[in-house]
Amino acid sequence: MKPARFDYIRAADLAEAHDALAEYGNDARVIAGGQTLMPMLSMRLVRPKVVVDIMHLPALRGIEAGGNGIRIGAGVRQAELLAWPGLAEHLPLLNAALPWVGHAQTRSRGTVCGSAAHADPSAEIPLCLLALGATIELSSRRGRRRVPAADFFTGMMTTARAENELIEAVHIPGKQAGSGCAFKEFGRRHGDFAIVACAAIVTAASVRLAVGGVADKPVLRDFAIDDGKPLDEALDAFAWALDARDDLHATGRYRRELVRQMGRDTIEEARRCHA
Amino acid sequence: MSVTVNGKPFDDQPAPGQCLRTFLRQLGHFGVKKGCDAGDCGACTVYLDGEPVHSCLVPAFRAEGREVTTIEGLAQGGALHPMQQAFLDAQGYQCGFCTAGMIMTAAALNQEQKADLGRALKGNLCRCTGYRAVEDAIAGRRDTEDARPGRGVGHNVPAPAGPDVVTGRARFTLDVAIDGLHHIKLLRSPHAHARIRAIDKSAALAVPGVVAVLTHEDAPATLYSSARHETRDTDPDDTRVLDDVMRFIGQRVAAVVATSEAAAEEGCRKLVVDYEILPAVFDPETAMQPGAPRLHDKGPQARIANASRNLVAEMHGATGDVAQGFTAADAIHEGTYFVPRVQHAHLETLCAIAWIDESGRLNVRSSTQVPFLTRLELAHVFGLDRDKVRVFCERVGGGFGAKQEMLTEDIAALAALKTGKPVKLEFTREEQFVGATTRHPMKVTVKIGARRDGALTAIEMHVVSNTGAYGNHGMPVLEHACSEAVSVYRCPNKKIDGYAVYTNTVAAGAFRGYGLPQTGFAVESAIDEVARMIGMDALEFRRCNVVRKGEPMIGLHEAPDDVIYGSYGLDQCLDLVQAALMRGDGDEAPPGWSVGEGTALTMIDTVPPGGHYSDTYIWLEADGTYNMTIGTAEFGNGTSTVHRQIAASVLNASPLAIAFTQSDTDHGGHDTGAYGSTGTVVAGRATQRAAEALRDKLLDFAATQSGVDRAQCKLAGDAVDCGGKTIALGELFRIAEAFVVDLSAHGTTNGIPRSVAFNVHGFRVAVNTTTGEVKIIKSVQAADAGTVINPMQCRAQIEGGVAQALGAAMFEEVVVDTEGRVTNPSFRHYRIPAFADVPHTEVLFARTSDELGPFGAKSMSESPYNPVAPALANAIRAATGVRFYRLPLKPDRIHAGITAAG
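Order-wise, the sequence lines are chains A and B. Residues in the first sequence are numbered from 1 upward in steps of one, following this note's numbering. Residues in the second sequence are numbered from 276 upward in steps of one, following this note's numbering.
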């Protein structure tokens, strides 16, 4: 399979990338790791006029841990984040979830921000960004803005990114002292996209559950802390209220069942971790 | 662009949009394979600056200034990389197509990753091995023995191609650089049923690089079947190379030949086709009704059983009186079972290269299991003398029956004949799902009755097989489905009705098991139910009712045919599985999960009916080694190893002293093909006979030369021992040459009569009743393979069969929507088992020796697949109390079943 013809712009700097996006808008596609874009190009699911390469830009490199959390640049590959020594300490949820992302081979090239940009409803990274209250830093010729993950993921492979914008980085708040987290995924086969994935973050004051693979985007719910039954009921209510989709791999009803079951297990594991 | 590949600098410009995989192959690195071109299978894994990547997902221009390592560059300084050596020692491969990528990934693993192979290897798919051999390799286990004299039959001699496979040197069909090679791309039908009114080629022909556009107007009128069998009238003549009627979405409309693949694809997009849409039918039972749209308006010469009812074949058989049998029964189970479409998913997609040589002869290098039969049919279709056609294969990257079809060679031949150019056709992974073949989906209603004492009183079976738009293999698959699954049971009253029906869906074809996995799922599930009803252990119930040696095997036909009990090991297989399950080993069930055990059996004729032929030619070389030509093809089934072992045993030589070439019609003779599990039992017999004939010639001649009594002469490695006096074989060759004595021999077989082989599978599973998840905590298969010529290979063949069958039992299904469209044509949506999905299977062998097979061997290619799905369903039944009638046994289906049962 051969992609349709496109021009390739190896942006010399961010400004050139911004210019290209301003000029071509939706006819441009940003390429970073290319792990999703390459097959989509080959199968002609996307037919951009230009592909704008940003992977080599020094400005997009690097994982920075600061007082306000962790900034992961658009050039950071998933394998790089996995190998980052601060991962377990600062981002334990991503530490648990990243090994589920794609394969070792795709993690060698695929980027953290690329997965956010693609916004597959079953993908692990958008789910974690949502659960962690991350913000997505977007920039264009006109300027820069930061969008909370909850507002960024708007639907099936659609985001709040404007045509002329690119993701420059994601910002993730560091681990809250005393919090516990857990990640669980259920696929038909190991390495598949999730039928259901759950991420839970538990503190002394709150229980948070985010689920992926169920609706057209990851969904988050904060539960009031209350031991025992009330949480169970709230979880059931949450599961049944989900706009779960039917697809080739599972029915919506089954996905909701899994949320009830796995949601509980994930929260329990996060609690154990918290304790 | 400059790039370093394996330490060598290259300066070449990739085409716009080209991926690294095709770029590397263009530079001659044929070890980089295509399995999917979508980042799902890992066959193209290379290192980019030392990191493993799927080269199909990396834009070629990204390699600028970087260091690429392919399998060809893994070995350093002439020494194999330790991981390559490990894959040799453990024989961590079968067809070898995924192996380069697998080794590249494995060689990059650290200790922590090696401890979690399920996760570490999830980006590398293997369809042959079931991953046990891969695991052995990575763990550093040695499963092979050195090949040396005396290590023939019964030894774990390694496969001859091993060193080439692990270094990426093994040449598969497309691993060749041909000057001026042209590319074929196929336009496929968007309609399930339509007549082509007109095709406007002008825009396509105007695409730069397009050389020809071929349509039904260019194709011969001759009808044939893509299925290949020894006798061509086994299958209906219902297919044209290019037809003017489209009968399924995905059927080829036209072929565009161009100087590049991109131009050929562009040409396809530029074709304008005017279709007259016809009514279509997708459900086989509807298709059988009067008034249903008719797919094939063809006369009796097409050999379609009943074209007006869309029946490619129907068959009926009965013995005794089933009504009376059911009256006498204390328990009756009746159920309708559904087995869906699955795809073979061999890693090397269908492909062929065709050219006309200087003598005007058509040459086809193809990924086929049947080069000789393909040659005959090409000659037939194109009206050529058979001497004007040569078909051969290099190493074939898996087949499982899919390559017992002529789906690329015909169109490649047409393109070569029309353009005079060397041409290549390579299926994409998507084309494998929409335009190749699948297993026949079947709906099987089975009714079985038994008395309380355990005796079967009646078996009734009604089979509707969906053959898709074409009838290739429709009849024989149905016939096979209606045979051994029932004939393995001794029962006075049987009735079987079978229908193979055309529908406007992708054609079904030959698939490992050839119908038996479908009916076996129904019959073995029903047997389990009846055993429950009468309160008898299912294995005990089977023991009471299976045929014993010498008893008639009655399925469709009452009359005995050429199937005999060359040996009988079913009783041992039942005992072995029972003992293994009773041992109680295996994994622990997770707390709170329900546990159950289930079993199933299969019987399979060791050779297809109607004769199966093979020729081997063997001769002594001047240096005292042997050489031979074998007809049968190697596609991962390990037969080339076995043939060497057979010859080595007969000639008392080292397997390494026996060279061979295979699967080339230019070798002369005939070979029906590597299908029906015949690579060892039929072709191996030919090799045994050839080797015996040569041995006799050598000994006769040595006796004459030495003056020693013939009885005192024996072969001893590279010499003949004539009563203590040795003559080196090289010396013998020279003497023979001087006397003009021919030291070559020929062996042949016809595959008649045939024997039976048996397999019994047992599972213990744990089921999470709240999610429907199934964990296999014990898996055991006992096989009656007769004499096991190479235990390591035979074990791997069984493990691979179990893994492939588990995929079909647990998650594989080619989904066809209500308009006849395949909705999951990729490995991302059609999931085949990955490393972590396959449990270890304990493989046990019955001790038997067959009177027909070479050295007492029986077939063991297809049958390991057959009992897996019903054994699993029976185990899940035991764990959950719910009988599942439909495959695959997906967790959501199991969950729904448990919920419905309350």
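Even for Gly, the Cβ is constructed at its ideal location relative to N, Cα and C. Source: prediction; values computed, not measured.
- Residue 1170 of chain B belongs to the set of residues whose beta carbon lies under 9 Å from a beta carbon in chain A.
- Under a 10 Å Cβ-count criterion, residue 621 of chain B is classified as buried, with 16 or more other Cβ atoms of the shown protein chains found around its own Cβ.
- Between the region 835-848 of chain B and the region 1113-1126 of chain B, the count of Cβ pairs shorter than 8 Å is three or higher; the stretches touch.
- Residue contact with chain A for residue 670 of chain B: absent (no Cβ-Cβ distance below 9 Å to any residue of chain A).
- Taking 9 Å as the threshold, the shortest C-beta distance from residue 213 of chain A to chain B does not fall below it.
- Shown here for residue 36 of chain A: same chain residues with a beta carbon closer than 7 Å to its own, the five before and five after excluded, namely 114 and 118 in chain order.
- Excluding five sequence positions before and after residue 285 of chain B, the CB atoms of its chain that fall closer than 8 Å to its own CB belong to 277, 278, 279 and 302, given in chain order.
- For residue 269 of chain A, the closest Cβ of chain B is not nearer than 9 Å.
- Contact check for residue 435 of chain B and residue 1158 of chain B: beta-carbon distance about 47 Å, past the 8 Å limit, so the pair fails to qualify.
- Boundaries of the alpha helix (DSSP H) harbouring residue 693 of chain B: 684-694, taken from the DSSP string.
- Chain-ordered, the chain B residues with CB closer than 7 Å to the CB of residue 257 of chain A read 1170.
- Under the Cβ criterion of 9 Å, residue 195 of chain A is counted among the residues facing chain B.
- Note that the region 54-73 of chain A touches the region 166-174 of chain A; at least 3 beta-carbon pairs, one per stretch, sit closer than 8 Å.
- Each of B/925, B/1167 and B/587 was checked against the Cα of residue 744 of chain B, and the nearest Cα belongs to B/587.
- In the assembly as shown, residue 857 of chain B is an exposed residue. Its beta-carbon has fewer than 16 other beta-carbons within 10 Å.
- Within the same chain, and ignoring the five residues on either side of residue 804 of chain B in sequence, the residues whose Cβ sits closer than 6 Å to its Cβ are 608.
- Not a single CB atom of chain B sits nearer than 9 Å to the CB of residue 156 of chain A.
- Counted as a single uninterrupted DSSP element, the beta strand (DSSP E) harbouring residue 1056 of chain B occupies residues 1048-1059.
- Contacts with chain A at 9 Å (Cβ-Cβ) include residue 537 of chain B.
- Judged by their CB atoms, residue 801 of chain B and residue 852 of chain B are not nearer to each other than the 9 Å cut-off.
- In this structure residue 816 of chain B does not touch residue 316 of chain B by the C-beta definition: roughly 42 Å separates them, more than the 8 Å allowed.
- Under the DSSP definition of a beta bridge, residue 1019 of chain B partners with B/894.
- Using a Cβ-Cβ distance cut-off of 8 Å, the region 234-247 of chain A and the region 211-225 of chain A are in contact, since at least three pairs of beta carbons, one from each stretch, lie closer than that value.
- Not flagged as an interface residue toward chain B: residue 114 of chain A, since no C-beta distance is shorter than 9 Å.
- Looking at the backbone, the Cα of residue 1131 of chain B and that of residue 964 of chain B are separated by about 14 Å.
- Listed along the chain, the chain B residues whose CB falls inside 9 Å of the CB of residue 251 of chain A are 1167 and 1171.
- Listed in chain order, the non-local C-beta contacts of residue 393 of chain B below 7 Å within the same chain comprise 1110 and 1111, local neighbours out to five positions each way being set aside.
- Short of 6 Å from the beta carbon of residue 1059 of chain B, and not among the five residues preceding or following it, lie these beta carbons of its own chain, in chain order: 844, 848, 1032, 1033, 1121 and 1123.
- Under the DSSP assignment, residue 721 of chain B falls in the beta strand (DSSP E) whose first and last residues are 717-725.
- Contact annotation: the region 740-760 of chain B touches the region 517-524 of chain B, with at least three C-beta pairs closer than 8 Å.
- Residue 451 of chain B and residue 100 of chain A have their C-alpha atoms spaced approximately 38 Å apart.
- In the DSSP annotation of this structure, the continuous segment of the beta strand (DSSP E) that includes residue 223 of chain A starts and ends at 219-224.
- Here residue 930 of chain B is buried, its C-beta having at least 16 other C-beta atoms within 10 Å.
- A direct Cα-to-Cα measurement between residue 546 of chain B and residue 556 of chain B gives close to 27 Å.
- For residue 657 of chain B, same chain residues with a beta-carbon under 7 Å away, outside a window of 5 residues either side, are 495, 688 and 692 in chain order.
- For residue 329 of chain B, the enclosing beta strand (DSSP E) stretches over residues 326-329.
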